[in-house]
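*Asks:*
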Amino acid sequence: MSDKNRIGVFLCHCGGNISDNVDLYEIEEKLSENDEICSVKHHENLCSLEGRNIIKDQILREDLDRVVISACSKITHGATFQNYIKPLNPYLFEMPNVREQCSWVTDNKDKSTRKALSLINSAIETVKHNKPLKKIPTRVKDSVLVIGAGISGITAANSLAKQGMEVTLIEKRPAVGGAMIQVGKVFTPDKMSEDCAACLLNPVIDEMVHNKNITLLTNTVLEKSSRNAGNFDVILRRKPDFIDEDKCTSCGKCTEVCPSFALDEWNEGLNNRKAIYKPFPQAVPSTYTLDDESCVKCGACLNV
Numbered sequence: 095m096s097d098k099n100r101i102g103v104f105l106c107h108c109g110g111n112i113s114d115n116v117d118l119y120e121i122e123e124k125l126s127e128n129d130e131i132c133s134v135k136h137h138e139n140l141c142s143l144e145g146r147n148i149i150k151d152q153i154l155r156e157d158l159d160r161v162v163i164s165a166c167s168k169i170t171h172g173a174t175f176q177n178y179i180k181p182l183n184p185y186l187f188e189m190p191n192v193r194e195q196c197s198w199v200t201d202n203k204d205k206s207t208r209k210a211l212s213l214i215n216s217a218i219e220t221v222k223h224n225k226p227l228k229k230i231p232t233r234v235k236d237s238v239l240v241i242g243a244g245i246s247g248i249t250a251a252n253s254l255a256k257q258g259m260e261v262t263l264i265e266k267r268p269a270v271g272g273a274m275i276q277v278g279k280v281f282t283p284d285k286m287s288e289d290c291a292a293c294l295l296n297p298v299i300d301e302m303v304h305n306k307n308i309t310l311l312t313n314t315v316l317e318k319s320s321r322n323a324g325n326f327d328v329i330l331r332r333k334p335d336f337i338d339e340d341k342c343t344s345c346g347k348c349t350e351v352c353p354s355f356a357l358d359e360w361n362e363g364l365n366n367r368k369a370i371y372k373p374f375p376q377a378v379p380s381t382y383t384l385d386d387e388s389c390v391k392c393g394a395c396l397n398v
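Note that the numbering used here has the sequence shown beginning at 95, numbered continuously upward.
1. So what does phenylalanine 104 bridge to, in DSSP terms?
2. Is serine 206 buried or exposed, if buried means 16 or more other CB atoms sit within 10 Å of its CB?
3. Please name the residue in Ile218, Asn361, Thr282 whose C-alpha comes closest to that of isoleucine 272.
4. Relative to the C-alpha of cysteine 395, which candidate in Lys347, Glu387, Pro379 has its C-alpha closest?
5. Locate the alpha helix (DSSP H) running through aspartate 117, then write down its first and last residues.
6. Going along the chain, which residues of its own chain have a beta-carbon closer than 7 Å to the beta-carbon of lysine 124, five neighbours each way excluded?
7. Express the C-alpha separation of lysine 266 and arginine 332 in angstroms, rounding to a whole number.
8. Can you tell me the Cβ-Cβ gap for tyrosine 371 and threonine 383, rounded? I've got them flagged as a contact below 8 Å.
9. For cysteine 166, count neighbouring Cβ atoms within 10 angstroms of its own Cβ and tell me buried if that reaches 16, exposed if not.
10. With distances taken Cα to Cα, identify the nearest neighbour of threonine 349 among Ala255, Cys389, Val277.
11. Could you pull out every residue in the same chain whose Cβ sits closer than 8 Å to the Cβ of lysine 203, ignoring the five residues on either side in sequence?
12. Can you round the beta-carbon distance between aspartate 151 and leucine 182 to whole angstroms, since I take them to be within the 8 Å contact cut?
13. Considering only residues of the same chain and omitting the five flanking positions on each side of asparagine 313, which have a CB-CB separation below 8 Å?
14. With a threshold of 6 Å on Cβ separation, who are the neighbours of alanine 243 within its own chain once the five nearest residues in sequence on each side are excluded?
15. Following the continuous alpha helix (DSSP H) through lysine 205, name the residue where it begins and the one where it ends.
16. Give a yes or no on whether the C-beta atoms belonging to tyrosine 185 and leucine 227 are separated by under 8 Å.
17. Let's test the definition: count the other Cβ atoms within 10 Å of the Cβ of lysine 229 and tell me whether it reaches 16, buried, or not, exposed.
18. Can you tell me whether phenylalanine 336 is helix, strand or coil according to DSSP?
19. How long is the line joining the alpha carbons of isoleucine 218 and isoleucine 101, rounded to whole angstroms?
20. Determine the direct distance from the alpha carbon of aspartate 284 to that of serine 354, and round the result to whole angstroms.
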């Protein structure tokens, strides 16, 4: 450890949630034997105003430049304690969770105390290597990728589009609707009765289709994604439809002449469909699609 690292450790009793099942006085005694630690303090509730003052006073008095606070979950009070340690950089701080990970998981006080001490020592080793970080403002793109065009995905896309977001909605199958479109009836909590699944879904789909902020890509899956300063760069892989959606009138004549059959996925394989087909009568998009794996390449559909 470099000479300028001065580490302070604070032990929170959490109103008995920790101290009733973890011997904090034993931990304080053991930590005090560590020459690398300048200060060890404990308090009934470190998240309180009094706890805040203890932390700040100790940082100033001992000239601390690293802080470990043994308490609850970072989700609960991580931001609180990062604020309490100012003017220290908020990233020169570690917070082992001894409440959820020690006190609350066993009635054996000896075991929970030993585990708590282990977590605290790990946090001490970690905080030695922490670097002061600065927040950098960056603009997040007003665009969203929604994966899956079932009822949840379509509803999310509609909601985001209403807020002015540019939405790309992808669906791995040739048509939207997900499992709900395959169900004859669903239970509606609003009416407390059964209702037609397609009747409920169609208005939601119609809203999606006519919203200029939504781009729908069927037969598409997420190949790769990487995060970059709040934004995501994604690579999508789209299977070819083999049908020109601008020219297809959904007349069905191509299906009539197709000699090849395959199991119908929309009907869970209980019957057959043609290699060139529409998943179901109300499918969106309404364009027919060609299953390249079951197509025998006879060219019959080209002559329609």
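Think of the CB as a built atom: it goes at the ideal place given N, C-alpha and C, for glycine as much as any other residue.
*Replies:* The answer reads as follows:
1. As a first step, residue 104 is located in the sequence shown; it is residue number 10 there, counting from the start. Beta-bridge pairing links phenylalanine 104 to Lys135, Ile163.
2. Walking along the sequence shown from the start, residue 206 turns up at place 112. Buried.
3. On the sequence shown, position 178 is the one that residue 272 refers to. What sits at residue 272 in the sequence shown is glycine, not isoleucine. Considering only alpha carbons, the answer is Asn361.
4. Along the sequence shown, one-based indexing puts residue 395 at 301. Among Lys347, Glu387, Pro379, the Cα nearest to that of cysteine 395 is on Lys347.
5. Reading the sequence shown from its first residue, position 23 is the one you call residue 117. No alpha helix (DSSP H) holds aspartate 117; DSSP gives it neither H nor E.
6. For this step, residue 124 is matched to residue 30 along the sequence shown. So the qualifying residues of the chain are Leu211.
7. On the sequence shown, position 238 is the one that residue 332 refers to. On the sequence shown, position 172 is the one that residue 266 refers to. Distance between the alpha carbons of arginine 332 and lysine 266 is about 8 Å.
8. Numbered from 1 along the sequence shown, position 277 holds the residue referred to as residue 371. Numbered from 1 along the sequence shown, position 289 holds the residue referred to as residue 383. With 8 Å as the limit, tyrosine 371 and threonine 383 qualify as a contact, their Cβ atoms being about 7 Å apart.
9. Locating residue 166 in the sequence shown gives position 72, where the first residue counts as 1. Buried, because 16 or more other Cβ atoms sit within 10 Å of the Cβ of cysteine 166.
10. Along the sequence shown, one-based indexing puts residue 349 at 255. Nearest of Ala255, Cys389, Val277 to threonine 349, Cα basis: Cys389.
11. Position 109 of the sequence shown, counting from 1, holds the residue named residue 203. The answer, listed in chain order, is Asn115, Val116, Asp117.
12. The sequence position of residue 151 within the sequence shown is 57, counting from 1. The sequence position of residue 182 within the sequence shown is 88, counting from 1. Contact doesn't hold; Cβ gap of about 13 Å is too wide.
13. Numbered from its first residue, the sequence shown carries residue 313 at position 219. So the qualifying residues of the chain are Glu265, Lys266, Arg267, Pro268, Arg332, Lys333, Pro334, Asp335, Thr383.
14. The count along the sequence shown starts at 1 and reaches residue 243 at position 149. Hits under 6 Å: Leu263, Glu265, Val270.
15. On the sequence shown, residue 205 is found 111 positions in, with the first residue counted as 1. Counting along the chain, the alpha helix (DSSP H) containing lysine 205 begins and ends at 203–222.
16. Counted from its first residue, the sequence shown places residue 185 at position 91. Counted from its first residue, the sequence shown places residue 227 at position 133. For tyrosine 185 and leucine 227, yes; Cβs fall inside 8 Å.
17. As a first step, residue 229 is located in the sequence shown; it is residue number 135 there, counting from the start. Exposed: under 16 other Cβ atoms inside 10 Å.
18. Counting from 1 along the sequence shown, the entry for residue 336 is found at position 242. Residue state, collapsed to three classes: coil.
19. Residue mapping note: residue 218 aligns to position 124 of the sequence shown, counting from 1. Residue mapping note: residue 101 aligns to position 7 of the sequence shown, counting from 1. C-alpha separation (whole angstroms): 8 Å.
20. If you number the sequence shown from 1, residue 354 lands on position 260. If you number the sequence shown from 1, residue 284 lands on position 190. Serine 354 and aspartate 284: Cα-Cα distance of roughly 45 Å.
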